Structure formats: structure tokens, C-alpha cells
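If you read the sequences in order, they're chains A and B.
Residue numbers are given in numbering that gives the first Met the number 0: position 209 of the first sequence equals residue 208, and the series is strictly consecutive.
Residue numbers are given in numbering that gives the first Met the number 0: position 553 of the second sequence equals residue 552, and the series is strictly consecutive.
Don't be surprised by glycine CBs; every beta carbon is placed ideally from N, CA and C.
Here the structure is a predicted model, which is why all the values come from computation and not from measurement.
Structure, as C-alpha cells:
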Amino acid sequence: MKPPPFEYAAPHSLDEALALLAEHGDDAKVLAGGQSLVPLLNFRLTRPALLVDINRVEGLDGLERGRIGALVRTRRVEREAAQPLLRRAATFVGHPQIRARGTACGSVAHADPAAELPCALLALGAGVRLRSTRGERELLLDDFLVGPFSTALEPDELLLELEVPEQPAGTRVGFAEHSRIHGDFALAGAAVVARPDGLVVSLLAVAERPLRVDLPAEATADPGEAASLAVRDLEPGHRRALAEALVRRALEGAE
Amino acid sequence: MSYVGRPLARGEDERFLSGRARYLDDLHPDDLLHAAFARSLLAHARLGDLEVEAARAQPGVVAVLTAADLTDVLPPPVVEPPGMWVADAGHPILAASTARYAGEPIALVVAESRALAEDAAELVQPDYEPLQAVVDPRAAGEALTRWEKSGGDVDRAFAEADVVVARSFALPRLVAAPMETRGAIAQHDPDGGLLTVWLSFQDPHRPLDQLAHCLGRPPESIRVVLPDVGGAFGSKGAVGPEVVAVAAAALRLGRPVKWAEDRLENFLAAYQGRGLEADVELGVTRKGRLLGVRARLYADLGAYLISTTAIPMHTAAMLITGAYDIPAAEVAVVGARTNKVPTGPYRGAGRPEAAYLIERMVDEAARELGVDPVELRRRNLVRAFPHETPFGWTYDSGDYERCLDRAVELAELDRFRTEKRPGRRLGLGVGMLIERSGGNWESAVARREPDGRVVVRTGSSPHGQGHETTFAQIVADELGIEPTAVEILWGDTEAGPAGVGTFGSRSTAMGGSAVLEAARRLREEGGMEAAAVFESGLLFSSGCYAAVVEIDPETGVLEILRLAAVDDAGRIVNPLLAHGQVVGATAQGLGQALVEAVRHDESGQPLTISFVDYPLLTAWEMPELRSAFVETPSPLNPLGAKGVGEGGSIAAPVAIANAVVDALHGVSVDPPFTEAKLWEALR
Numbered sequence: 000m001k002p003p004p005f006e007y008a009a010p011h012s013l014d015e016a017l018a019l020l021a022e023h024g025d026d027a028k029v030l031a032g033g034q035s036l037v038p039l040l041n042f043r044l045t046r047p048a049l050l051v052d053i054n055r056v057e058g059l060d061g062l063e064r065g066r067i068g069a070l071v072r073t074r075r076v077e078r079e080a081a082q083p084l085l086r087r088a089a090t091f092v093g094h095p096q097i098r099a100r101g102t103a104c105g106s107v108a109h110a111d112p113a114a115e116l117p118c119a120l121l122a123l124g125a126g127v128r129l130r131s132t133r134g135e136r137e138l139l140l141d142d143f144l145v146g147p148f149s150t151a152l153e154p155d156e157l158l159l160e161l162e163v164p165e166q167p168a169g170t171r172v173g174f175a176e177h178s179r180i181h182g183d184f185a186l187a188g189a190a191v192v193a194r195p196d197g198l199v200v201s202l203l204a205v206a207e208r209p210l211r212v213d214l215p216a217e218a219t220a221d222p223g224e225a226a227s228l229a230v231r232d233l234e235p236g237h238r239r240a241l242a243e244a245l246v247r248r249a250l251e252g253a254e
Numbered sequence: 000m001s002y003v004g005r006p007l008a009r010g011e012d013e014r015f016l017s018g019r020a021r022y023l024d025d026l027h028p029d030d031l032l033h034a035a036f037a038r039s040l041l042a043h044a045r046l047g048d049l050e051v052e053a054a055r056a057q058p059g060v061v062a063v064l065t066a067a068d069l070t071d072v073l074p075p076p077v078v079e080p081p082g083m084w085v086a087d088a089g090h091p092i093l094a095a096s097t098a099r100y101a102g103e104p105i106a107l108v109v110a111e112s113r114a115l116a117e118d119a120a121e122l123v124q125p126d127y128e129p130l131q132a133v134v135d136p137r138a139a140g141e142a143l144t145r146w147e148k149s150g151g152d153v154d155r156a157f158a159e160a161d162v163v164v165a166r167s168f169a170l171p172r173l174v175a176a177p178m179e180t181r182g183a184i185a186q187h188d189p190d191g192g193l194l195t196v197w198l199s200f201q202d203p204h205r206p207l208d209q210l211a212h213c214l215g216r217p218p219e220s221i222r223v224v225l226p227d228v229g230g231a232f233g234s235k236g237a238v239g240p241e242v243v244a245v246a247a248a249a250l251r252l253g254r255p256v257k258w259a260e261d262r263l264e265n266f267l268a269a270y271q272g273r274g275l276e277a278d279v280e281l282g283v284t285r286k287g288r289l290l291g292v293r294a295r296l297y298a299d300l301g302a303y304l305i306s307t308t309a310i311p312m313h314t315a316a317m318l319i320t321g322a323y324d325i326p327a328a329e330v331a332v333v334g335a336r337t338n339k340v341p342t343g344p345y346r347g348a349g350r351p352e353a354a355y356l357i358e359r360m361v362d363e364a365a366r367e368l369g370v371d372p373v374e375l376r377r378r379n380l381v382r383a384f385p386h387e388t389p390f391g392w393t394y395d396s397g398d399y400e401r402c403l404d405r406a407v408e409l410a411e412l413d414r415f416r417t418e419k420r421p422g423r424r425l426g427l428g429v430g431m432l433i434e435r436s437g438g439n440w441e442s443a444v445a446r447r448e449p450d451g452r453v454v455v456r457t458g459s460s461p462h463g464q465g466h467e468t469t470f471a472q473i474v475a476d477e478l479g480i481e482p483t484a485v486e487i488l489w490g491d492t493e494a495g496p497a498g499v500g501t502f503g504s505r506s507t508a509m510g511g512s513a514v515l516e517a518a519r520r521l522r523e524e525g526g527m528e529a530a531a532v533f534e535s536g537l538l539f540s541s542g543c544y545a546a547v548v549e550i551d552p553e554t555g556v557l558e559i560l561r562l563a564a565v566d567d568a569g570r571i572v573n574p575l576l577a578h579g580q581v582v583g584a585t586a587q588g589l590g591q592a593l594v595e596a597v598r599h600d601e602s603g604q605p606l607t608i609s610f611v612d613y614p615l616l617t618a619w620e621m622p623e624l625r626s627a628f629v630e631t632p633s634p635l636n637p638l639g640a641k642g643v644g645e646g647g648s649i650a651a652p653v654a655i656a657n658a659v660v661d662a663l664h665g666v667s668v669d670p671p672f673t674e675a676k677l678w679e680a681l682r
């Protein structure tokens, strides 16, 4: 379980990092927290020629209202994020040691369908800001997440930051998931954002990417009914039953 | 004042908890080389020409060895249980023309670092000609072992039975998953000719004999040394092919070679536990008397036999009558050859399988007869000792009914029985356990030092059990000194006396008794040094576990509301350490019940190769454990002690299983009891 040979670069500036990505494209991988990438390397399931370690790049660790930079660790999201749904969802990510290294942007870029933060961010209508030497673009997370471990990120782009929109006054949020073992990948999970103008449910580990379901605001009044509506397009079976129970639980616990 | 019986804290913990323990991978002899293995990618394939030149040409690579280089090395010897037919199918050190499981070693790469060795090992690739893989033990065309045994008048028992209950069961394979994986360092001294092998192993003497056999060297030309060992649970009691290959490489290269197994290798290539399917029949009278049991066992042995592969199924078959006075029994055992890594002992090693079969059957019989399962047990427990089973094992002592009563009380089964009502998926279960332990012999040498300390060398060797503490307690009592004045040494075949080994819950009863007798002789004879060998027949620990569970009908999630553990391990030397054994064994037993299962696809590819695919329980998942001891001394050793290391892994799974099936109103399911499986069973 040693990684295959690779070159390693640790640029100090964003421009240097982007230049390396532009030069090496598909042959390069960005190393931030490494909590997904390093195990993949050790299993030799990915073989980048170059690792671009961005941990020394200045200015990527900003966590302000509505913005989460590329080097913000999950542990900081859990403790400091303004949005309570993100704080709550972050507590379910792995173990404290993993959260201390892993980053929120890294989780979004990795796009594991069972990951908590992409699911919660999707329910919040979050966006991503991508930067390359060619310039900058913004996408809604809904457009960024393509499938399992697959996103709209181009090989020369860096996921610079997450943009989390302000929710209207009176919005309540909730999160629930079930995993066999504490800290393990969830079998299913649900984030709910109950806004005055509508209920957004986002489900993890039930589809190839987090699944967003929009329901009318009135649905909030009956969590059981809302839950059954939220999962109605899923294949019947245990996972749907589990997801339904978790939506209801997330909604009942929403605050 | 006596130290035996007191909950002394472990003296060795300061070393472990402060990070001063030294494990195999902490050892760095001068000039050390590192090994990595090229392993078969397929579960069953004919191997064409092996391309090794590319690997040999890699930077830092010192040697690449294949089967052609090791023609003078033999597979490890196979232990044959009494009466069992065992095939000549020892584990090749490196696969020659055929690979029989995914992960089987094909070539050994030795390089200046493990990373360089892995890079080169990747380049060693044979031409594979895929062959059909056997995954299902029931469908296997080839047997590695066969055995039939009958005791008592089985035909009459089933003729007289009013009810014959027949059920089939399946217990998946498990990985032992010790925190420290396997490993070896071998170093040859060309002057004296001594081959020193440091091992992460359960004990030093068995591997010495196995290595002598494989390498064709006299035992006295080999020295085995064990550093601190980070857990084994049965999985470090037989040398695997990797250890032999590393020793052979060190002999050829004249430099020390280290193999520190990584977790991926441990999942792929360390021998696994359980893996048993069974068809069982139990003959019962209307009044609830168990008359006879018949079982056909299909053990998923894997591709080869390692030294101890044949033992667990023998133990499982021998214990098929469990804690009950069943006069007749018959077993037929087929050890099926499958395209998987071999199996071997894992905590319990046949005892959990036996307990699972007979205890599930007793519950099935109770359901069929409409009697309370606790009551049915009470009517059939062994009560008179010594008790000879139909297969000829003699239970030395016990008070099984007291264990049952105590477990029922601790788990509050009577209260929960009244809380069962429609709509609530509450289930109650108990499981009795018989833990064959001890037997054979151990030795010890006690010596007085000029400063008043007593140094005891023991052939018994710890890998987490706490020998330094318990053995010191025994010596302190015998000599009237403080336990801190006793030093226990072990783990070096040059420095210590001979020994059998640390397995099957035998250290306290056998090693401890040898230590006791050496200390007694030192006192009585008044010299500076005294030695003792202690020998005895098998001991049989017992106990009862009880559980109350509830299944959420909406999600299938299982919750354990009560779990009680009552163990009778004879006289307890150190209640704190005994309790630790109960907690640890129960945690592993719960893992088996709730989440653990090795899985393969139909081509024999292992699907569980990391802790992501094969979870282990954490402290979070542990329910409150209500533990108690019943102490019925064994008449067979001066301590009155028996084994306590396996009870939880034997009885906790079946207590949970019986509770789960109760909650499912009799729908039969086998572990692991995952949410999806229970949800389906409720539909």
C-alpha cells in the first residue's frame, strides 16, 4: 500500500498552482487534505504523474459568510460555518482526524455520492467558483456534480471556493443519516432546507450523485408525507425505506 | 494476602500506552532489505511464463524469487485432527503453474525499500489462463478433508423422537483484523549458521518447528524471537508462505529481509476464520428432551491447507452437543476446496460455529414445541461432571444452570418478555457456550536473582493477554513476594524454555500452572533455579450470554437493548483482565453478528479488501455489557483455572441471532444482521 511513483510540487502562489495544472492537465492531481486521494494512491487506483500540493498557497483558507475556500478543513466548517446545516452535516464526515485534514472543497471535487457536504450544499443551492489560467467561472453545484466521482471540473481548473447563498428569514434546516458504523460511509442520508417559499430535500447515497427534490412549502407541515414524496422516484426497496425515514427524521429535527 | 483473584492493573500497560512497545516493524537490523509479493490477480488460473526481468532491472531491486528458485523449500506441515482424512494440499510457498486464489503469492521481490519492492512487484506478471473458480463450498467438487463421527445410538434417538427439527445455516468467513498485521524479519549469520527470525506471531515454538520443516534445517539452527505483538486472535499461529519465502530469501541473499504485511495483504492473504455451512437435525420428545443431533458441515477451507486449517471444523463437530446432555450425535464434515485464501483459527475457532448450530437448533425446537427456550435448555443441560459427550470429550466441571439463570437475570429477560407486543419487534435470545481450552503442556523456569527478584521464563507467550501481570500474581503468591518483584520473560526460543503456544484460551491454565509449579519447586527445593513442565487434559469453560434486541420495522435497524455475559472460566486469576477478555471477545462476537462478512464475487474476486468494505465495530457501537463470572474450579490444574479468551466470540453472536429470529417471529436469518437483511425478512 505504497503509492506508485509521482512527482510532487508545492507551489506558494495560486498562479504557480494554476500554471502547473495548465501544463500537466490530466496528469496532475490537486492535493489538499488528501483524505480521499491518498487512499486511492495507496491502492494504486489512481496514478497521477504530478501531485500539486496547494497547502502552501496563500489565501485559500477563507471561511466567511457564504464563502468556503479551497483549504478550509471540514473541522472548521463544523465549528465555524455560518450556515447551521453545514455545521451539522460536517459532524457526520468520517472521524475528527479525517475532518481535521479533509477539506470541504475537496469533498465536493471528489463527488462521492455518499458524501455529506455536497448533499447539504446542494440543498442550500450552493455554487462553485472554478479558476484556471484561462480565467474563472461559476457554476451551480447542481450543474457541477455529474455522477459518481465525476464533476464538470476541467483538468486545468482548481475548485477555488464554494458559495453558499443566504437563506431567507424563517428557514429551518435539518440533517440525518444512517451508517452501519459510526464515521463510516452512510447507507443513506438526507438534508432538508425548509424555506418559507419551499422545501428542499437532498438525498445522499441513493443515486449516482446527491439527489435534489423540491417540494412545496406546505409539505413541511406533514414530515411523513413530505418524506414519502421526497423518495417517490427511487427504486422501491430497503434504501428507499431508509431514505424516507431519514427525510422524516431530518424534517422533524429541523431548526 | 493473596494476589491471585485480585484485579491488578496490567504492569505492561505503561510500556504500551507510552508508545515504548516495540513491534516487528520497529526493528531495523543493519543492512536490512524489504520484501513485497507479486500476487495472483485471479482466483483460479494457469500461470504461463513469468516475466521477472523488468522487475529485476528496477532501481533498488536486489532479487526477484519465483517458485523455480525455491524448489528445495517445502510447504508448511499440516496438522491432522484425529481420524480425519486430510488431503496433501499444503500451501505452496510461491505459486508455480497454477494460482488458486486471488492474492496468492507468485513472486517475492526484495529491494532496498518497501516502496521500491512494491513498484517492482507490480511489474511481475504472468500470462494468466483463467480457470473456473469455485466459490460455493456446497458446490465444490474437491474435498481437502473428510470426516465422519458417530456416538451413541443415533438411529434409535431419531426413531424415538416425536419431533425432528431440520434447519440449514451459513456463517460467512471473517477476517481477524489484528491492529498489527503479520510480519517477519529473517537474518542469517553465516559464521555460526544460525537463522534468526523475528516474527509477529502468537508464540515462538510452533513457527520454529514449521520453519525447520519448510527449510529442511535442524530446529537448533533456527532462533525465533517475538517482539511485542499487536494482536492475533488466532491469525498468527501458523506460518504463511510469506514467512517461509522471506526466510529463504535471507538465506540466499546473506542480508536481513523484512516483510511487514500491509492491510491490503492482510485482507487478501492472511488466513480467515469461520466460513461454514451446515444442515442440522435435532430429535426431540414432546416433553422437550433432546435425544440426538445430526449435522452435515461444509467448511469453506479455501485453496490450500495451512497448518491449522483442519482444526476449527474438527472442534465445531466435536462440540455439536454443546452444553446439553444429548446422548447421540453424528457429524459428517466436508472440507471443501474453494478458490479463496485458506481458513484457519479465528477467536473461537470452531466453538462459535458449534454454539451457533446447536443453540439456534434448540431455539427452533422450542418454537416448534411451543415451550420457552430457556426452559427447554434447563431440561437438557449437563448437570453431572465429569461428563463424557457422545464423541468422547470429557467436560471437567461446570454449573451450566447457574450461568443460564444469571444471564437471564442480568439481561432482564423476564421483564422484557412481558413487554413483547404486536407491532413491536422485540426479541429475546440466549446462547450457552462451551469453550474447549487448555490441554497439552507448557513449561517454565523460575530463578532467584541476587537482588531478591524472581525471573520466570515461560514458554507461553503473550500477544495482548497480560501474561506479565497474571503470571507475576501467581508467582508472588507462591513465593510470598510482591508481583513487582517478579519479572516474566518469554518469546525467544534461545532464551526461554520450550512451550506449546498461546491459542485456544490456554495460557493461564497451562502456562500459569507451569509457572506456579516452577515457583513452588523453587520454594520447596530452596535452590536458585527450578523448572517445571505442566501437562493436563482438555478443560471446558462454559457460560451463557443473553440478549434483548429490537428491530425498527421501518428501516431494519437493529438495536441491542440488553446484553449479558456470564462466563465460567474456573478460578479467575485477575478479574480485571478476565473482564477485558470478555469485553474484547464480545466486541468481536458482536462484529460477527452485526456487520462482518468476507464477500467474493462469482469469479472468486474478494470484494472486501479494506475497512471500507469490511467494517469493524467501534466503541460507539458497543452496547452496555452486563458481565458476571461463575467460578467452578477445574480439577485438572493447581490454579483451578480454565480459558476465558473466547467466550464472548462464541456465545454473543448466537444470543443475538436467537433474539433476532425471535423478533422476526421465527424467520430464519444468518449473520451478519444488516439493516437490509432484517428489513427484507420483515416483508
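Identify which residue in B:Gly555, B:Glu121, B:Pro6 and B:Glu645 has its Cα closest to the Cα of Leu425 (chain B). B:Gly555
Measure the alpha-carbon distance for Arg561 (chain B) versus Pro632 (chain B) and round it to whole angstroms. 28 Å
Considering just the uninterrupted stretch of the alpha helix (DSSP H) at Leu681 (chain B), what are its terminal residues? Glu674 to Leu681
Whole alpha helix (DSSP H) runs in the region 50–138 of chain A with 4 or more residues, listed along the chain? Qualifying alpha helix (DSSP H) stretches, in chain order: 73–79, 83–89, 95–100, 103–109 and 115–122.
Can you tell me where the beta strand (DSSP E) holding His33 (chain B) begins and where it ends? Leu32 to Arg38
Check for me: the alpha helix (DSSP H) holding Pro206 (chain B) runs from which residue to which? His204 to Leu214
Contact set for Leu31 (chain B): own chain, Cβ-Cβ below 7 Å, skip 5 residues either direction: Pro255 and Lys257
Proximity winner among B:Val370, B:Ala248, B:Pro372 and B:Gly397, relative to Ala689 (chain B) (alpha-carbon distances): In this structure chain B extends from 0 to 682, so residue 689 (chain B) is not present and cannot be described.
Give every residue of the same chain whose Cβ lies closer than 8 Å to the Cβ of Pro195 (chain A), excluding the five residues on either side of it in the sequence, and list them in chain order. Pro167, Ala168, Gly169, Thr170 and Ala216
Starting from Asn338 (chain B), follow the beta strand (DSSP E) in both directions and report where the run begins and ends. DSSP places Asn338 (chain B) in no beta strand (DSSP E); its state is neither H nor E.
Quick one: which chain A residues come within Cβ less than 8 Å of Thr617 (chain B)? Ile180, His181 and Gly182
On the criterion of 16 or more Cβ atoms from any shown chain inside 10 Å, does Val692 (chain B) qualify as buried, or is it exposed? Outside the modelled stretch of chain B, which goes from 0 to 682, sits residue 692 (chain B), for which no answer is possible.
Which same chain residues end up closer than 6 Å to Glu137 (chain A) when comparing Cβ atoms and leaving out the 5 residues on each side of it in sequence? Gly126 and Arg128
Give the interface partners of Pro147 (chain A) over in chain B, defined as CB-CB distance under 8 Å, in chain order. Going along chain B, no residue has its Cβ under 8 Å from Pro147 (chain A), so there is no contact; the nearest lies around 15 Å.
Pro311 (chain B) burial status per 10 Å Cβ neighbour count (16 or more: buried): buried
Min CB distance Thr554 (chain B) to chain D below 8 Å: As a matter of chain content, chain D is missing from the structure shown, whose protein chains are A and B.
Assuming Gly465 (chain B) and Arg5 (chain B) make a contact with CB atoms under 8 Å, what is their CB distance in whole Å? In fact, because the Cβ distance is near 13 Å, the residues do not count as touching under 8 Å.
Along the chain, where does the beta strand (DSSP E) that runs through Ser648 (chain B) open and close? Not the beta strand (DSSP E): Ser648 (chain B) falls in the alpha helix (DSSP H), residues Gly646 to Ala662.
State the CB to CB distance for the pair Val134 (chain B) and Gly603 (chain B), rounded to an integer number of angstroms; the pair is presumed to be in contact (CB under 8 Å). 5 Å
At a Cβ threshold of 8 Å, is Glu620 (chain B) touching chain A? yes
State the DSSP-derived secondary structure class of Asn379 (chain B), mapped to helix, strand or coil. helix
Residues of the region 109–120 of chain B in Cβ contact with chain A at a cutoff of 7 Å, in chain order, please. Arg113, Ala114, Glu117 and Asp118
Rounded C-beta distance between Ala309 (chain B) and Val77 (chain B)? I'm assuming under 8 Å. 7 Å
Is it true that the region 573–580 of chain B meets the region 415–432 of chain B, where meeting means three or more beta-carbon pairs spaced less than 8 Å apart? no
Helix, strand or coil for Asp25 (chain B) per DSSP? helix
Would you call Pro634 (chain B) buried or exposed, if buried means 16 or more other Cβ atoms sit within 10 Å of its Cβ? Only exposed fits Pro634 (chain B), as fewer than 16 other CB atoms lie within 10 angstroms of its CB.
Pair within 8 Å by beta-carbon distance, Ala88 (chain B) and Leu304 (chain B): It is a contact, given that the beta carbons lie within the stated cut-off.
Going by other Cβ atoms of all chains shown within 10 Å of its Cβ, with 16 needed for buried, is Val145 (chain A) buried or exposed? exposed
Considering Val200 (chain A), what are the terminal residues of the beta strand (DSSP E) in which it resides? Note, Val200 (chain A): beta strand (DSSP E), Gly197 to Leu203.
Give the interface partners of Pro47 (chain A) over in chain B, defined as CB-CB distance under 9 Å, in chain order. By Cβ distance, chain B contributes nothing, its closest Cβ being about 15 Å from Pro47 (chain A), past 9 Å.
I'd like to check one pair, Ala139 (chain B) with Thr307 (chain B): are the Cβ atoms closer than 8 Å? no
Just the C-alpha distance for Gly343 (chain B) and Val212 (chain A), rounded to the nearest angstrom, thanks. 50 Å
For the candidate residues B:Arg401, B:Pro203, B:Pro552 and B:Val283, whose alpha-carbon lies nearest to that of Arg682 (chain B)? Nearest C-alpha to Arg682 (chain B): B:Pro552.
What does the alpha-carbon distance come out to for the pair Ser199 (chain B) and Thr457 (chain B)? 18 Å
Does the beta-carbon distance from Ala445 (chain B) to Tyr544 (chain B) come in below 8 Å? No, the Cβ-Cβ distance between Ala445 (chain B) and Tyr544 (chain B) is not below 8 Å.
Chain B beta carbons: is any one of them nearer than 8 Å to that of Lys28 (chain A)? no
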